[in-house]
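Under the UniProt record's numbering, the letters of the sequence shown match residues 1 to 365, in that order.
Backbone N, C-alpha and C define an ideal beta-carbon position, used for all residues, glycine too.
Here's the structure we're looking at; comments come further down.
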Amino acid sequence: MAADYRTPDRLLPTAAEEPTGPPGPPPKPVLSAPVVPAATHDGLRFWQYMLAGSLAGVVEHTAMFPVDTLKTHMQAGAPPCRPAVSLGAALRNAVAGEGGALSLYRGLPAMALGAGPAHAVYFSVYEFAKSALTDRFGPNNPAAHAASGVLATVASDAVFTPMDTVKQRLQLTTSPYTGVGHCIRTVLRDEGLSAFFVSYRTTVVMNAPYTAVHFATYEAAKRMLGDMAADEESLAVHATAGAAAGALAAAVTTPLDVVKTQLQCQFSCGLFLQALFLFVNAIDLPSVQDSNTHFGDQGVCGCERFSSSSIGDVFRAIINRDGYSGLMRGWKPRMLFHAPAAAICWSTYEASKSFFERFNEERRK
Numbered sequence: 001m002a003a004d005y006r007t008p009d010r011l012l013p014t015a016a017e018e019p020t021g022p023p024g025p026p027p028k029p030v031l032s033a034p035v036v037p038a039a040t041h042d043g044l045r046f047w048q049y050m051l052a053g054s055l056a057g058v059v060e061h062t063a064m065f066p067v068d069t070l071k072t073h074m075q076a077g078a079p080p081c082r083p084a085v086s087l088g089a090a091l092r093n094a095v096a097g098e099g100g101a102l103s104l105y106r107g108l109p110a111m112a113l114g115a116g117p118a119h120a121v122y123f124s125v126y127e128f129a130k131s132a133l134t135d136r137f138g139p140n141n142p143a144a145h146a147a148s149g150v151l152a153t154v155a156s157d158a159v160f161t162p163m164d165t166v167k168q169r170l171q172l173t174t175s176p177y178t179g180v181g182h183c184i185r186t187v188l189r190d191e192g193l194s195a196f197f198v199s200y201r202t203t204v205v206m207n208a209p210y211t212a213v214h215f216a217t218y219e220a221a222k223r224m225l226g227d228m229a230a231d232e233e234s235l236a237v238h239a240t241a242g243a244a245a246g247a248l249a250a251a252v253t254t255p256l257d258v259v260k261t262q263l264q265c266q267f268s269c270g271l272f273l274q275a276l277f278l279f280v281n282a283i284d285l286p287s288v289q290d291s292n293t294h295f296g297d298q299g300v301c302g303c304e305r306f307s308s309s310s311i312g313d314v315f316r317a318i319i320n321r322d323g324y325s326g327l328m329r330g331w332k333p334r335m336l337f338h339a340p341a342a343a344i345c346w347s348t349y350e351a352s353k354s355f356f357e358r359f360n361e362e363r364r365k
């Protein structure tokens, strides 16, 4: 919807206008020009979209954080470092260490620090990109919705990726970090600032198709459900459409999420293991050499450090090591996460928008 600039109900006659009625008292002088409201989209201002999106992101990720922890455990632990991890085994491993069930919330502060600002950027960019593109290409255009989602994720991932890296390193039971601050300081000291963005390219490549599928599916499902429901803007419609969009988008982008997780969870373990690897090679142990395990450069998950952050190289390494099934590791918890997470996120976001719409309407009265 284009911005709504309302014209004042009464305008003073210009000098060229002749009065048509009997002369009356002179008009009162206008002390100030009427205030023109700031440009809006769907009745909301930019900061209101940001606040609604921030709230939606924090609520979504907090509610689904334990499932996200299980997904990280399943994706980070891979042969030949250790056997494939099932959903049940991931749950047992996650709660086996110190902290018990609370271990499922390791890294929650990092998520909160990243999700709020990232979702504020995410939804505000999406709404205004959708407004511009639908004005150009017409309403209910799936390509416009998909393109708006891609623009939104490119911007928001730049905000969220550093804290997502910290969050995933803290989620693992084998994590050497004691908290968010310790993780940030250690990574900066040992690996540099670039370590926080090592998976940004993979994240964008993953999230671009994810958001394209997600937003196009959400808008289409919302229209379809709206035609069948009495109230097309009800929270039930938004939640159902969001769940369908989240599940479908999560399934088709799982391989890229596996690559992202394994890139984020790697870090150097020093020269001792590198010397051990050289010793093993020197005595020619085929069983070890054939496994392609590089002991000299391990990650938080215990697996080898990849030789580069190239998406293609990591894909090939995972396929050579685990087979094609390794690319789908964690798809069940990923769908279990994104279906309800999207339902929670869209419901919270639309409820927040409705609150701000009522708030703006009250102020105009």
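Straight-line measurement puts the Cα of Pro162 at about 15 Å from the Cα of Gly179. Assigned with DSSP and collapsed to three states, Leu51 falls in helix. His338 is the residue among Cys183, His338, Glu191 whose C-alpha sits nearest the C-alpha of Thr62.
The residues Val237, Thr240, Ala241, in chain order, have a CB closer than 7 Å to that of Leu225 in the same chain once the five nearest residues on each side in sequence are set aside. In the three-state reduction of the DSSP assignment, Leu172 falls in the coil class. Annotation for Pro109: Val180 place their beta carbon closer than 7 Å to its own, counting only its chain and skipping 5 residues before and after. With a cutoff of 9 Å on beta-carbon distance, Ala56 and Tyr349 are scored as near each other. In this structure, Ala216 keeps its C-beta atom at 9 Å or more from the C-beta atom of Ala132.
Beta-carbon to beta-carbon, Glu127 and Ile344 are separated by about 19 Å, too far to satisfy the 8 Å threshold.
It is roughly 10 Å from the alpha-carbon of Arg106 to the alpha-carbon of Ala94.
According to the DSSP assignment, Val95 belongs to the alpha helix (DSSP H) that extends over 87-96. Distance from Val121 to Val166 at the Cβ level is roughly 18 Å; contact not present, criterion being Cβ atoms closer than 8 Å. One Cα belongs to Ile319, the other to Lys332, and the distance between them is close to 19 Å.
Just so you know, the alpha carbons of Phe123 and Met50 end up roughly 7 Å apart. Non-local beta-carbon contacts of Leu91 in its own chain, meaning distances under 8 Å to residues more than five positions away in sequence, involve Leu70 in chain order. For the pair Val204 and Lys365, the Cα-to-Cα distance works out to about 44 Å.
Counting only residues of its own chain and dropping the five nearest sequence neighbours on each side, Ala229 has a CB closer than 6 Å to the CB of Val237. Per DSSP, reduced to three states, the secondary structure at Asn141 is coil, with no helix or strand assignment.
Here the segment 206-215 lies against the segment 251-265, with 3 or more beta-carbon pairs under 8 Å apart.
Minimum Cα-Cα distance from Arg329 among the listed residues Thr72, Met64, Gly53 corresponds to Thr72. Val198: not part of any alpha helix (DSSP H); DSSP gives it neither H nor E.
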